[in-house]
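Structure record follows, encoded as structure tokens.
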Amino acid sequence: YGDFKLAVAEVTADALAPLQGLSPGRREILAATLRVWLAAQGDRLAAAAELEVHPQTVSYRMSRLEDLFGPALRDPRRRLAIQLALAGRPR
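Position one of the sequence shown corresponds to residue 152 (this note's numbering), numbered consecutively onward.
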């Protein structure tokens, strides 16, 4: 069980590494936006409704996340790893 927890922690750290250079507050905002955007399968309006922000805010945040994550957000396997890593984080 300990090896499994270590492996999950490593995958999580790797998947979310692009967020590590941000301030804690900014990291949490962008992580929440990415979690909701992925769950909404990229639907900006649905993500905005869930986050209770303007759709343009989601667009702005996703632009920043695309800068940070690069092609990983277009790779289905990397997206899945990111989504699983975010699902394990407290909200």
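C-beta: ideal position from N, C-alpha, C; glycine also.
_Along the chain, where does the alpha helix (DSSP H) containing A198 start, and where does it finish?_
Looking up residue 198 in the sequence shown gives position 47. If you look at A198, you'll find it in the alpha helix (DSSP H) that goes 195-202.
*Roughly how many angstroms separate the alpha carbons of D218 and E161, rounded to a whole number?*
By one-based count along the sequence shown, residue 218 stands at place 67. By one-based count along the sequence shown, residue 161 stands at place 10. If you take the alpha carbons of D218 and E161, they lie about 23 Å apart.
*Give the C-beta separation of A236 and T163 to the nearest angstrom, bearing in mind that I take them to be a contact with Cβ-Cβ under 8 Å.*
Position 85 of the sequence shown holds residue 236. Position 12 of the sequence shown holds residue 163. Yes, A236 and T163 are in contact; Cβ-Cβ is about 4 Å, under 8 Å.
*asked:* Contact between the segment 166-179 and the segment 190-205 is defined here as three or more beta-carbon pairs at a separation below 8 Å; is this criterion met?
replied: Between the segment 166-179 and the segment 190-205, the count of C-beta pairs closer than 8 Å stays below three; the two stretches do not touch.
*How should R212 be labelled, buried or exposed, when 16 other C-beta atoms within 10 angstroms of its C-beta is the threshold for buried?*
On the sequence shown, residue 212 is found 61 positions in, with the first residue counted as 1. Using a 10 angstroms sphere on the CB of R212, the tally of other CB atoms reaches 16 or more, which defines it as buried.
*Could you tell me whether the Cβ atoms of A197 and V209 are closer together than 7 Å?*
In the sequence shown, counting from the first residue as 1, residue 197 sits at position 46. In the sequence shown, counting from the first residue as 1, residue 209 sits at position 58. No, the Cβ-Cβ distance between A197 and V209 is not below 7 Å.
*Compare the Cα-Cα distances from R250 to each of D165, A191, Y152, R186 and report the closest residue.*
The first residue shown for the chain is 152 and the last is 242, placing residue 250 beyond what the model contains.
*Under 7 Å between the Cβ atoms of I233 and A166?*
Start at 1 with the first residue of the sequence shown, and residue 233 comes out as number 82. Start at 1 with the first residue of the sequence shown, and residue 166 comes out as number 15. Yes, the Cβ-Cβ distance between I233 and A166 is below 7 Å.
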